[in-house]
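**Student:** In this note's numbering, the protein residues as written are 20 to 238.
Beta carbons: idealized from backbone N, C-alpha and C, even for Gly.
Quantities reported herein were computed from a predicted structural model and do not represent experimental measurements.
Got a structure for you, written out below as structure tokens; questions coming shortly.
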Amino acid sequence: MSAVVAADAIARGLRASPLDEAIDLLPIADGGNGTVDAFLVHGGRRETRRVTGPLGRPVDADFALLPDGRTAVIEMALASGLELIEQPDTGRASTYGTGELIRAALDAGASRLIVGMGGSATTDGGAGCLMALGLAVTRVDGTQIESGGTALHDAVYIDPSGLDPRLRTVEIIVATDVDNPAVGPEVPLRYLARRKAPTARLSNRSTRRSPIGSRLPHR
């Protein structure tokens, strides 16, 4: 149940009770499912783009352009989310579509991005997202790696020279409801990967190569 649906249900219950008073709805999301809808309650414009889903199939994903004309709200769950796939497959699932959605928001004129990180189907450390924005992640022979968390084991070099130049000036705010250490014993992949239903072996392998670039030289 999204924040908007929950707020509406509570309001209907109050209006049907002796407690019926003036009711102001203020749905608040946590960066996961329903984040775009929660922002749009207070104004703005919904934009829809066809992007690459977590397992490579095209999906239609929304983002919000807020009334200030410069802020866009991106919801990873809408482009790379668990609800978009029938069977979780974290080894192949990629955040590439989220990067495509970010690029679309930049094309629409956004200079400030609020990126909700919850509800994803992925454990690729955001590599797919960055690859969609121009980052080269290559094998030892210089060829680009495949999408997904498992493919990070083939990564030897990263080259940021092709990144979208607008990323140098855009303000990016990450919306999340948990602390996510990048490295160390508390790295969240150890439990998030299990939630997304890979094998224990894949969970352990995933943590050894996350985040992207933590052990990779730049070219």
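1. Let me check understanding here. Comparing Cα to Cα, which of Y176, V60, S36 lies closest to I47?
2. Which residue wins for smallest C-alpha separation from A83, given the options L125, R65, G72?
3. Answer with buried or exposed for L38, where buried requires no fewer than 16 other C-beta atoms within 10 angstroms of its C-beta.
4. Nearest by alpha-carbon distance to T245: which of H172, R122, A194 is it?
5. Measuring only between beta-carbons, confirm whether T71 sits less than 8 Å from chain D.
6. Could you name the residues of the same chain whose beta carbon sits closer than 7 Å to that of D49, not counting the 5 residues immediately before and after it, in chain order?
7. CB A142 to CB T188, shorter than 8 Å?
8. Looking at T117: is its Cβ nearer than 8 Å to the Cβ of I93?
9. Using DSSP's beta-bridge definition, name the partner residues of Y176.
10. Under the rule that 16 or more other beta-carbon atoms within 10 Å means buried, what is E119, buried or exposed?
11. For V156, does the count of other Cβ atoms within 10 angstroms reach 16, so buried, or fall short, so exposed?
12. Rounded to the nearest angstrom, how far is the Cβ of N52 from that of S21, given a contact under 8 Å?
13. On a CA-only basis, which of L74, D126, G135 is nearest E105? Give me that one, please.
14. Can you check whether the CB of S166 is closer than 8 Å to the CB of S113?
15. Do you know offhand how far L221's Cα is from P107's?
16. Assuming I42 and A25 form a contact by the criterion Cβ under 8 Å, report the distance between their Cβ atoms to the nearest whole angstrom.
17. Helix, strand or coil for G53, going by three-state DSSP, please let me know.
18. Which whole-angstrom value is the C-beta distance of L103 and A140, which I expect to be below 8 Å?
19. Leaving out five residues before and five after I191 in sequence, what residues of the same chain have Cβ atoms less than 6 Å from its Cβ?
20. Which residues does DSSP pair with S239 in a beta bridge?
21. In this structure, does DSSP put V24 in helix, strand or coil?
22. Whole angstroms are fine: how far does the CA of D27 sit from the CA of R76?
23. Per DSSP, what kind of secondary structure is G110 in: helix, strand or coil?
**Tutor:** Answer, in terms of the structure:
1. Counting from 1 along the sequence shown, the entry for residue 47 is found at position 28. The candidate whose alpha carbon is nearest that of I47 is V60.
2. Start at 1 with the first residue of the sequence shown, and residue 83 comes out as number 64. That would be R65, whose Cα lies nearest to the Cα of A83.
3. Indexing the sequence shown from 1 puts residue 38 at position 19. In summary, L38 is exposed, with fewer than 16 beta-carbon neighbours lying within 10 Å of its beta-carbon over all protein chains present.
4. An answer regarding residue 245 cannot be provided, because it is not within the stretch 20 to 238 covered by the chain.
5. Protein chains in the displayed structure number just one, and chain D is not present.
6. If you number the sequence shown from 1, residue 49 lands on position 30. G137, D196, listed in sequence order.
7. Within the sequence shown, numbered from 1, the residue matching residue 142 stands at position 123. Within the sequence shown, numbered from 1, the residue matching residue 188 stands at position 169. The residue you asked about is not Ala; residue 142 is Thr in the sequence shown. No, the pair does not count as a contact, with Cβ atoms beyond the cut-off.
8. Translated into positions along the sequence shown, residue 117 becomes position 98. Translated into positions along the sequence shown, residue 93 becomes position 74. Cβ distance < 8 Å, so T117 and I93 count as in contact.
9. The sequence position of residue 176 within the sequence shown is 157, counting from 1. DSSP lists T157 as partners of Y176.
10. If you number the sequence shown from 1, residue 119 lands on position 100. Under a 10 Å Cβ-count criterion, E119 is classified as buried, with 16 or more other Cβ atoms of the shown protein chains found around its own Cβ.
11. Sequence index remark: in the sequence shown, residue 156 carries index 137 (1-based). V156 is buried by the Cβ-count criterion.
12. Taking the sequence shown and counting its residues from 1, one reaches residue 52 at position 33. Taking the sequence shown and counting its residues from 1, one reaches residue 21 at position 2. Their Cβ separation, rounded to whole angstroms, is 6 Å, which keeps N52 and S21 in contact under 8 Å.
13. What you label residue 105 is simply residue 86 of the sequence shown in a count that begins at 1. Nearest C-alpha to E105: L74.
14. Looking up residue 113 in the sequence shown gives position 94. Looking up residue 166 in the sequence shown gives position 147. It is a contact, given that the beta carbons lie within the stated cut-off.
15. Looking up residue 221 in the sequence shown gives position 202. Looking up residue 107 in the sequence shown gives position 88. Bear in mind that a pLDDT of 48 at L221, under 50, signals an unreliable position, so the number given afterwards is only what the model happens to contain. C-alpha separation (whole angstroms): 13 Å.
16. Position 23 of the sequence shown, counting from 1, holds the residue named residue 42. Position 6 of the sequence shown, counting from 1, holds the residue named residue 25. Rounded, the Cβ-Cβ distance is 14 Å, inconsistent with contact.
17. By one-based count along the sequence shown, residue 53 stands at place 34. Look at G53 here: in three-state DSSP terms it is coil, with no helix or strand label.
18. As a first step, residue 103 is located in the sequence shown; it is residue number 84 there, counting from the start. As a first step, residue 140 is located in the sequence shown; it is residue number 121 there, counting from the start. Correct: roughly 7 Å between the Cβ atoms.
19. Locating residue 191 in the sequence shown gives position 172, counting from the first residue. Cβ within range, chain order: L132.
20. The structure shown does not extend to residue 239, since the chain is modelled only from 20 through 238, so no value can be given for it.
21. As a working mapping, residue 24 is identified with position 5 in the sequence shown. Looking at V24 - three-state DSSP - the assignment turns out to be helix.
22. Your numbering for residue 76 matches position 57 in the sequence shown. Your numbering for residue 27 matches position 8 in the sequence shown. Cα-Cα distance, rounded: 33 Å.
23. Here residue 110 refers to the residue found at position 91 when the sequence shown is read from its first residue. DSSP, reduced to helix, strand and coil, places G110 outside both helices and strands of the structure shown, so it counts as coil.
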